[in-house]
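Colleague:
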Amino acid sequence: MFEVKPYPEFSWSMSRHKTFFTCRRKYAYQYYVSHNGWRFDAPPSAQEAYFLKKLSNLPMYVGDVLHQVIHTLITNYRGKPLPPLANIEKHVRDKLNQAYRYSQNQQLWHQKPKDVPLLRELVYGETPEASAISDITARLQACLEHLYQSTSFQDIMQGKHIHLYESEQFHSFRLNDIKVFVVMDVLYENEARDIWTITDWKTGKETEEDRNQLALYAMYLHDTYHIPHNKIEIRNEYLATGCSRTHAVEVEDLDQVHDMMLLSVGQMLQYVEDVERNKPIDLSLFEKQEHPQKCASCNFLKICQPSP
Ligand code: SF4
1 MFEVKPYPEF SWSMSRHKTF FTCRRKYAYQ YYVSHNGWRF DAPPSAQEAY
51 FLKKLSNLPM YVGDVLHQVI HTLITNYRGK PLPPLANIEK HVRDKLNQAY
101 RYSQNQQLWH QKPKDVPLLR ELVYGETPEA SAISDITARL QACLEHLYQS
151 TSFQDIMQGK HIHLYESEQF HSFRLNDIKV FVVMDVLYEN EARDIWTITD
201 WKTGKETEED RNQLALYAMY LHDTYHIPHN KIEIRNEYLA TGCSRTHAVE
251 VEDLDQVHDM MLLSVGQMLQ YVEDVERNKP IDLSLFEKQE HPQKCASCNF
301 LKICQPSP
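For the sequence shown, position 10 matches number 10 in the UniProt record's numbering, and the numbering has no gaps at all.
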């Protein structure tokens, strides 16, 4: 039976880790204050934090829609003629226009908060500059062209002896008794090579965390499906540039992500006063961002009021 708990269950993910190290106060809003904020009887502070947590922004939303498009293509068009890129580009543009309209009608969003995307720029009264829109359009076109040329996409769509296992599914597993969430963009097996490939499509820039994220997915695959590490390869497809990076899973990768997770969890738990219930310390004790200029694009700016 569904039970409303006063505090969220503690878990760990790469995105939680990134938020924690971006700003402790943001982390508190995102993972504690917003808890139960979707409920009509939640405190206004939780409702507001939940509302802000759900905001997207133009580059992020383009990335989300592209991931949805890739998922649709690889689950419905394998071995079939692919739609022209112009049709996909139009679809993405239509979705962006729809998000724009929804962002101007927040009443609609309150009826379907899980389905309707809101754009931060519009909610905060910022008009996207023409140069930002043209950058996004150029990136969208580049991402689509590079997608069709990418190794992973060609393997999945036309490759022989390829078994597609999953795409965009949400999973959890336990690591050192901590619940860890993972969402693999795509997982497929090349039976002829006896290799399982985990691919992450990136629509933004390369970061140092990218390989760690894939190593975490390899841990999940090994833990859940008992696939030996030497039969797993991990790959980032950077769609904006067309660059692809494929790695074998090395012991150092696994050790690094394991140590990083333990360190991160240890630090996160310093902000919890009751570990069993995951009750956080007072919000005022979650430090604000030290560089207020970094707050300009934060979803929680409205309720945080950072120091000048
Ligand atoms: S506005 Fe700045 S200090 Fe406040 S939560 Fe966001 S990033 Fe942190």
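C-beta atoms are modelled at their ideal positions from N, C-alpha and C, and glycine is treated no differently.
Is Arg235 near the ligand SF4, judged by its Cβ being under 7 Å from some heavy atom?
Modeller: No, the beta carbon of Arg235 sits no closer than 7 Å to any heavy atom of the ligand SF4.
Colleague: Please find out if some non-hydrogen atom of the ligand SF4 comes closer than 7 Å to the beta-carbon of Leu285.
Modeller: Incorrect: Leu285 has no Cβ contact closer than 7 Å to the ligand SF4.
Colleague: So what does Ala248 bridge to, in DSSP terms?
Modeller: Its beta-bridge partners are Glu233.
Colleague: From this set, Cys23, Cys243, Ser15 and Leu144, which residue's C-alpha is nearest Leu283's C-alpha?
Modeller: It is Cys23 whose Cα lies nearest to the Cα of Leu283.
Colleague: Taking the C-alpha atoms as reference points, what is the distance between Leu187 and Tyr165?
Modeller: Distance between the alpha carbons of Leu187 and Tyr165 is about 6 Å.
Colleague: Do three or more CB pairs link the region 46 to 53 to the region 81 to 89 at distances below 8 Å?
Modeller: Cβ pair count under 8 Å is below three, so no.
Colleague: Let's test the definition: count the other Cβ atoms within 10 Å of the Cβ of Lys179 and tell me whether it reaches 16, buried, or not, exposed.
Modeller: Classification for Lys179: exposed.
Colleague: For the ligand NAP, I want to know if Cys23 counts as a neighbour, meaning its beta carbon is within less than 7 Å of at least one of the ligand's heavy atoms.
Modeller: As far as ligands go, the structure on display features the ligand SF4 and does not contain the ligand NAP.
Colleague: With distance defined between alpha-carbon atoms, name the residue in Ser13, Tyr77, Lys5 and Arg174 nearest to Gln213.
Modeller: Here the closest residue by C-alpha is Ser13.
Colleague: Look at Glu233 and Ala248 and say whether their C-beta atoms are less than 8 Å apart.
Modeller: Contact flag set, yes.
Colleague: Are the region 289 to 297 and the region 33 to 47 touching, with three or more C-beta to C-beta distances below 8 Å?
Modeller: They do not touch, by the three-pair rule.
Colleague: Name the DSSP beta bridge partners of Arg174, please?
Modeller: According to DSSP, which records beta bridges pairwise, Arg174 is partnered with Lys179.
Colleague: Closest to Glu273 by C-alpha separation, out of Tyr32, Leu119 and Leu73, would be which residue?
Modeller: Nearest of Tyr32, Leu119 and Leu73 to Glu273, Cα basis: Tyr32.
Colleague: In this structure, how does DSSP classify Pro292 when only helix, strand and coil are distinguished?
Modeller: DSSP places Pro292 in helix when its eight states are reduced to three.
Colleague: Measure the Cβ-Cβ separation of Ser34 and Pro117 and say whether it is below 8 Å.
Modeller: Against a cut-off of 8 Å, the Cβ pair of Pro117 and Ser34 comes out as no contact.
Colleague: If you compare alpha carbons, which of Thr197, Glu189, Tyr217 and Arg235 is closest to Phe173?
Modeller: For Phe173, the nearest C-alpha among the options comes from Tyr217.
Colleague: Label Gln30 either buried or exposed according to how many other C-beta atoms from any shown protein chain fall within 10 Å of its C-beta, with 16 as the threshold for buried.
Modeller: With 16 or more other Cβ atoms within 10 Å, it is buried.
Colleague: In the DSSP assignment, what residue or residues form a beta bridge with Trp38?
Modeller: Trp38 pairs with nothing; no bridge assigned.
Colleague: In the DSSP output, what is Lys279 paired with across the bridge?
Modeller: Paired residue(s): Asp274.
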